[in-house]
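>
In UniProt numbering, the protein residues as written are 1 to 370.
So this is what it looks like as C-alpha cells:
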C-alpha cells in the first residue's frame, strides 16, 4: 500500500493484491454507477458476450504508400477510428519479448514493484489509479507508465531494474526491450502517418513533420495489468475515455476477444489477429477536417470498450502494452491542414473478468507465449 504522502489523496491499494486475497466481493470504491457498468461479460473461453460479432477493419501495411493501402487506412479512420494493422514491420520476436518481460515485472513480489510506485506529479512508474479526486470510484487494474520521448520527461529511476537473481535476458528486457519496442512502434506510427497524409491529399511527410518528426514527437508506454475480478459485472478495468494524443498502438492478447467498439448504437467485438497491432486514432488526429479521410464529427461520437489483455500462464491475469504517439509540445496538428474542435473522440473502456481463460488455445498459430 502506498500512502497519501506520495501525492495521492488516499492510500493506494494495488488491485493485484485485492485479486490475490481471494475475496468474493470487490470494495465499494470499485463499484461503478449502474449507468457505467458493462453490459457484457467474459465467458470461460475469454470471449465477450452480448455484443455484435463483427470485426473492425484489418489493414495490410506491407506497402504503406500503395494507393490500396492509403485507401484502406483512410476508410478505417473515417468509418471506425480503429483498425488492426498486419504486416506492420515490427518483428514478432520483439512482440513476444515485450510481453514476456513485462509479465515478468508484474510477477515480482509486491515489495519489488513498490520501489517504482508513481505519484500524480508525472504518473511515471507503477500505479493503480488516475486522478487525485478524493473518494473517486476506481478502476479494477494496475499499470506501469513510462515517458520515452522527449528525453527530458523521462525519469531513469522509474525504468525497472529487476532483481539480480533473474537472468540477464530479463534484466535487459524491461529497459532494453521497452526502448527497442518503442523505437519500432514509433517508426510504425511514422508509416501510418504517411498513409494518412496521402489520404488527406498532402505531402507524405506532412503529418509526421507536424508531430515533430522522428525525434520530436512525444512517445510514452503504458503497460496495463488487469487481475481477475470476483464481480466483473460491477466494475471496469479502465473507465470510458478517449485517447487525447495522436495515435495509440495497442499490443493486445491474441487469445481474448474483449475489445469492443460502439458503433451505431451497438457494441462490436474485435477478434484480434495474431501479432497484429490495434490502432486507435486519437483526438489530435481526429480534429483534422478532411472529408476524404474523416467524416463529420458525429460519426466519431462513438465509444469503444477495450479489453487490453495479455494472458498469463495461469490464465487469470491480463496485461497489454500500449504505446502512445503524440505531437511535440510546441506544435499543433492544425499545421497539417484545416482543423476543427468539438466532439468526436473515439472512447475506450476495459472490461474486468472473473473467469480463467486457460482453456482457450495459446494462440491460433499453436505457439505458447514465453
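Where is the CB? At the ideal position from N, CA and C, for every residue including glycine.
1) Taking the beta carbon of residue 134 as the centre, do at least 16 other beta carbons fall within 10 Å, making it buried, or is it exposed?
2) Taking the C-alpha atoms as reference points, what is the distance between residue 192 and residue 127?
3) Identify, in the order they occur along the chain, each residue of the same chain with its Cβ nearer than 6 Å to the Cβ of residue 84, setting aside the five sequence neighbours on each side.
4) Assuming the contact rule is C-beta atoms closer than 8 Å, residue 63 and residue 227 should be a hit. Round their C-beta distance to whole Å, please.
5) Residue 280 and residue 7 look like a contact to me (Cβ under 8 Å); what is the Cβ gap, rounded to whole Å?
6) Mind checking which residues open and close the alpha helix (DSSP H) that includes residue 216?
7) Residue 335 to residue 282, Cα distance in whole Å?
8) What whole-angstrom Cβ distance do residue 124 and residue 158 have, given they're in contact under 8 Å?
9) For residue 129, does the three-state DSSP call read helix, strand or coil?
10) With 16 other CB atoms within 10 Å as the buried threshold, where does residue 132 fall?
11) Inspect the beta-carbon positions of residue 70 and residue 195 and report whether they are closer than 8 Å.
12) What do you get for residue 152, buried or exposed, if any count of 16 or more other CB atoms within 10 angstroms of its CB means buried?
13) Determine the burial state of residue 205: buried for a count of at least 16 other Cβ atoms within 10 Å of its Cβ, exposed for fewer.
14) Assign residue 322 to buried or exposed, taking buried as 16 or more other Cβ atoms, counted over all protein chains shown, within 10 Å of its Cβ.
15) Given a threshold of 16 other Cβ atoms within 10 Å of its Cβ, counted over all protein chains shown, does residue 343 qualify as buried or as exposed?
16) On the criterion of 16 or more Cβ atoms from any shown chain inside 10 Å, does residue 244 qualify as buried, or is it exposed?
17) Once the 5 residues before and after residue 60 are set aside, which same chain residues still bring their CB inside 6 Å of it?
18) If you reduce the DSSP assignment to three classes, tell me which class residue 321 lands in.
19) With DSSP collapsed to three states, give me the class of residue 35.
20) Give the DSSP bridge partners of residue 220, in chain order.
21) Give the secondary structure of residue 202 by DSSP, where H, G and I count as helix, E and B as strand, and everything else as coil.
22) With DSSP collapsed to three states, give me the class of residue 352.
23) With which residues is residue 263 paired in a DSSP beta bridge?
24) Could you tell me the distance, in whole angstroms, from the CA atom of residue 100 to the CA atom of residue 188?
This is what the structure gives:
1) By the 16-neighbour rule on beta-carbons within 10 angstroms, residue 134 is exposed.
2) 30 Å
3) 58, 273, 276, 278
4) Contact check for residue 63 and residue 227: beta-carbon distance about 41 Å, past the 8 Å limit, so the pair fails to qualify.
5) About 29 Å separates the beta carbons of residue 280 and residue 7, which is beyond the 8 Å limit, so they are not a contact pair.
6) 213-216
7) Its pLDDT being 34, under 50, residue 335 is placed unreliably in this model, and the coordinates cannot settle the point.
8) 5 Å
9) Residue 129 sits in coil when the DSSP states are folded into three classes, being neither helix nor strand.
10) exposed
11) yes
12) In summary, residue 152 is exposed, with fewer than 16 beta-carbon neighbours lying within 10 Å of its beta-carbon over all protein chains present.
13) exposed
14) buried
15) At residue 343, the pLDDT of 31 sits below 50, so the modelled position is not reliable; the number obtained from the coordinates is stated separately. Answer is exposed; the Cβ neighbour count stays below 16.
16) exposed
17) 86, 87
18) strand
19) helix
20) 147, 324
21) coil
22) coil
23) 266
24) 21 Å
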